[in-house]
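Top line first, the protein sequences correspond to chains A and B.
When we follow the working numbering, the leftmost residue of the first sequence carries the number 1, and every step to the right adds one.
When we follow the working numbering, the leftmost residue of the second sequence carries the number 1001, and every step to the right adds one.
All residues carry an ideal CB built from backbone N, CA and C; glycine is no exception.
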Amino acid sequence: MNFSLLMILLTPIFGGLLAYAGSALHKAVRNIFFLIFLILPFFELYQYANKTIDNFYYLTVLGQSLSLGINALSFMLSLLFSLIFLLAYIFLLFEFDKSEDSDLAILEFSFLEGAVFGVLFARDILSFFIFFEIIALIIFFLIGKGYEESHNAQLKYITWALIGANSMLAAVVFLFFKAGSFGYAEISGYLSTAPTPIVLITFVLFVIGFLIEASIMPLHVWAPITYAEAPDSVSVLLSSVVKKVGLYLFTIFVFSIFGLNLFSKIMPRVFEAPLIMYVLQWIGALTIIIGTFVAIVQEDAKKILAWSSIAQSGYILLGLSLGTPLGVAGGLLHIVNHSIFKGILFFVVGGVIYRTGTKNLSELGGLIKKMPISFISMLLAIIATAGIPPLNGFVSKYLIYEALIQNKEPLLLTIALLGGTGSFMYVYRLIHSIFLGQLPKKYEGVKEVPILMQVPMLVLSLLALLFGVLPGIPMYFVSKAEAFLGFDPIKYTLTGFPEQPGLHALNVPIISAALMGGFVVAALIFYLLPKTRSVHQLDNYYAGEILTEDVKYNYSFGFYSFFDDIIKPFNEWSIDRIYENFVGFVKTVGDYIRRIYTGNLETYVSLGIIILTIFSLIYIIGGVLW
Amino acid sequence: MVEKLVLILTPIFAFFVGIFLEGFKRKMVARIHRRYGPPLHQPLLDIIKLLSKKENISHGVMFDLGPVIFVGASILTVLFLPLPHFKQLTPYGDLIAFLYIMVIGSLGMALGAGESGNPNASIGIARALTLMLGYELPLIIAGNTLVVRYGTTDLYKFMTLQSGFNWNLFLLPLTAIAGFIATYGAMGEHPFDTVVAPQEVATGPMVEYGGKHLGLLMIGHAIQVYIETAFFTILFLGGASNIFTFILKQLGVIIVMTLFDTVFPRFRIENAVRYFWRWPTLIALLGLLIVYIGGK
């Protein structure tokens, strides 16, 4: 069968509508209907492997044909996002099982997937803009179904989404009038000869829109509260899909539409990158370090993940904006890897909330014996987040570090590596406060999450392990995407990377094998010796104090309080505060304007008379009004 | 063939060198305190004693696996350090990979200690991770300086490039000093021993461990002593042309460290991190600047 791109885009929407209708019959009908329509995109996408299509026209607007297309990069991401949508849907069914919103949530979910495909396939600036705004709108609706504070989160999200939308709209309209066309190719052709200010202004306007969605500092203000308050399945989508859509657009616009050559032509080069890319590298680095440090001192499980997500998108931005084959490969690979491991973390935390009803870390603890599968999934995910071999996060960060070495940027490399160490701190805090430590009495009856709910985390955990040990599998797609963007793809093998300029050879299976060898030796020593005897969790050394089930010494609240002391001087410099000051300023200005517009007719009449008098006087004296 | 044999024997070699260095250190501390001190092989006797305990207490599977992961990962880390004339596994991973491989052991240890449910252990781990953030900064900058200077990240090449007396200790003294302080912090010696701090958190992560668990932890610790000293030797003391010089240089590192260790009191954890982010970092940055401007 031959599927057109428009069909892939409409499949989930169609499925969602059908499922919505089916919900009148029975919930099971709805669930199965929609599940089928979430699996279909994989088969439909299959025929587009290794194909580049640029001009599938589907609509004519303002005399211009709007077109869809697919290339190696959007193919890779649409496969990945289809998988994450499928898994998030399974999770969503459990999360909303008691809620009355579930039918509507599924409908919105389907439109979201359609819109994401739309952005990935769009080949002109109008289509991408429309689909991008549909995403923002639906995310706005979905957030509202979350936790207590979700309505505040909605407001913050939509404000920022609108800022991004307006800034992109300005660029879209401007470029349409200048270039006379919406198509990516025509825009690119126009920009190559356009005056420098036009290039710079449109670029900055577009990038603001993308980086808001990617929650890069200083445009991240909406992200922590939104990620924390949205329903868990929506948090997964926010972090693993919507954020990556923003970064996908960034990649396409920087390398394919504007192009590095254009930037090199109009601005000086700093550290082998055009000036504006160098600025973006520093923005990425600051996002890494600040995001990581703030994540360390959070007390809410989902807030930690939110800040971690911000920090990780800093790595992606840093890698991409290096603009070298190594850096771009690292950035693209990290898009894939981060979607996978952050997905696991949100799924596990969501499962814990599903069973215990809290996301407050200081109320949790000791769940390892109750939820072992979740523990193992989270263990793999935190190893990946911290960038430790042999999980997938290591390879992509490794590429970014090596790219920084190749560009001879020791300061950025220092920041990136320190961010890696910092991520070790917050992921340990997360797993310790949820699964280790002491089990509170009220959670003694907690069970592992249902088997179907384990599927999303297990599938992604296996992928994280597979992509970590055999980096060649994701690199197959990444190198094709890189070739599409016009780079010399870096050399890779199934097991890692061969020796090449700027990159030391790496072989992850050998690292894993040596690790396993070490484990076997240590385990032999351990298990051949006399057996252990299990004791109760309170059978501990407490310096002579006798503790009971009611009075516990569980170290969980303020885990890194001493670290908080160290960074306290910098808390004054919060970006939120700058925005709050700005809001205060706008309010003050508005207050003065309100004194003129009192809503009182007499005031308006007298104002009119005064202005008329002034104008008449100018005219009488002999001045020219316009 | 010989290389593979050496590869398999390296962890055992590292273990015994580590035991020797530890024993030497205890003897030296005792002499500075004007005691006679235990025999050189005392750490080995301790391990044998602990491993032969009949009664072992466990708090769960992760608690058991913690020491196993610690030892297993230490063995892995040893394999990625080159020896004189032997590249070991360095063709498959460089300095950056090594930095991350080094962390696996601490992760296992942290997870195991966390499951014990003892707040002292958790506090110890929290301190250990914070301290790590402290000493990693000068260590990273020092490492960067070497990478900028030599244009490679291969540990074996670092060793060969310094042959003769072209030690980085003489060529890049500032970087070497910063690297030394950072390595010293990584070893957790006074005044940076906030992690174990017996009087405050009852040896921190190790508080619930006894018997064969503690025995394994001590095996791992011996290997870690070898790793830290060998790492410093390779990066700054020019590696070595034969195995005896290598051990001799490691011994030199331990002697200097012990001189500091015996006379210092203990930092509070915040102050330790502040210290690392201030003086060693400044020194390291200065070293980096000199290399960056002065020529490759």
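- In the structure shown, Ile70(A) adopts extended strand secondary structure according to DSSP, grouped into three states.
- Under the three-state reduction of DSSP output, Gly146(A) falls in the coil class, being neither helix nor strand.
- Two segments are said to touch when three or more pairs of C-beta atoms, one from each, lie closer than 8 Å; by this definition the region 192 to 209 of chain A does not touch the region 89 to 101 of chain A.
- Using beta-carbon distances, Pro325(A) does not count as an interface residue toward chain B, since no partner is under 7 Å.
- In the three-state DSSP reduction, Asn554(A) falls in the coil class, being neither helix nor strand.
- Taking 7 Å as the CB threshold, Val1225(B) stays off the interface with chain A.
- Within the region 1114 to 1126 of chain B, contact with chain A at the beta-carbon level (separation under 8 Å) is assigned to Gly1114, Glu1115, Ser1116, Gly1117, Asn1118, Pro1119, Asn1120, Ser1122, Ile1123, Ile1125, Ala1126.
- Distance between Met1132(B) and Phe85(A), taken at the CA atoms: about 38 Å.
- Per DSSP, the continuous beta strand (DSSP E) segment holding Leu59(A) begins and ends at 53 to 61.
- Contact annotation: in the region 1192 to 1222 of chain B, residues whose CB is within less than 7 Å of a CB in chain A are Ala1202, Val1207, Glu1208, Lys1212, Leu1216.
- Contiguous alpha helix (DSSP H) elements confined to the region 275 to 353 of chain A occur at 275 to 296, 301 to 322, taking only those with 4 or more residues.
- Only Thr1153, Asp1154 from the region 1153 to 1164 of chain B bring a Cβ to less than 7 Å from some Cβ of chain A.
- In the DSSP assignment, Leu1083(B) forms a beta bridge with Phe1086(B).
- Taking 7 Å as the cut-off, the Cβ atoms of Arg1266(B) and Pro1191(B) count as close.
- Counting along the chain, Ile431(A) sits inside the alpha helix (DSSP H) bounded by residues 410 to 435.
- Chain-order list of chain B residues neighbouring Met425(A): Ala1126, Leu1129, Thr1130, Met1132, Leu1133, by C-beta distance under 9 Å.
- Across the set Val427(A), Gly502(A), Asp539(A), Asn360(A), the C-alpha of Asn360(A) shows the shortest separation from the C-alpha of Glu229(A).
- Contact between the region 235 to 247 of chain A and the region 129 to 139 of chain A is present: three or more C-beta pairs spanning the two stretches fall below 8 Å.
- Residue-level contact by beta carbon fails for Val589(A) and chain B, as no gap is shorter than 7 Å.
- The shortest C-alpha to C-alpha distance from Leu1021(B) to any of Ile1140(B), Gly1238(B), Asp1064(B), Ile1227(B) is the one to Ile1227(B).
- Between Leu1129(B) and Tyr553(A) a beta carbon distance of about 20 Å is seen, past the 8 Å cut, so the two are scored as non-contacting.
- Taking every protein chain shown into account, the CB of Ser82(A) has 16 or more other CB atoms within 10 angstroms, so this residue is buried.
- Taking every protein chain shown into account, the CB of Trp573(A) has fewer than 16 other CB atoms within 10 angstroms, so this residue is exposed.
- In terms of beta-carbon proximity, Gly1093(B) lines the interface with chain A, with at least one pair separated by less than 7 Å.
- For Ile575(A), the uninterrupted alpha helix (DSSP H) run begins and ends at 575 to 596, by DSSP.
- Residue contact check for Ala381(A) against chain B: no CB pair falls below 7 Å.
- Among the residues facing chain B, Pro530(A) is included, as its CB has a counterpart in that chain under 7 Å away.
- Taking C-alpha positions only, Thr1233(B) is separated from Glu448(A) by approximately 49 Å.
- With respect to the 7 Å criterion, Ile490(A) and Leu326(A) are classified as neighbours on the basis of their beta carbons.
- A Cβ-Cβ separation of about 5 Å places Ser374(A) in contact with Gly351(A) under the 8 Å criterion.
- In this chain, the beta strand (DSSP E) harbouring Ile1057(B) covers 1056 to 1058.
- The beta carbons of Phe347(A) and Met267(A) sit no closer together than 7 Å.
- Using a CB distance cut-off of 7 Å, Ala1110(B) counts as an interface residue toward chain A.
- Of all alpha-carbon atoms in Leu79(A), Ile473(A), Gly486(A), Asp564(A), the one lying nearest the alpha-carbon of Leu494(A) is that of Ile473(A).
- With a beta-carbon spacing of about 27 Å, Leu305(A) and Val254(A) fall beyond the 8 Å limit used to define contacts.
- Contacts between Val521(A) and chain B, judged by CB atoms closer than 8 Å, involve Pro1011, Val1071, Gly1072, Ile1075 in chain order.
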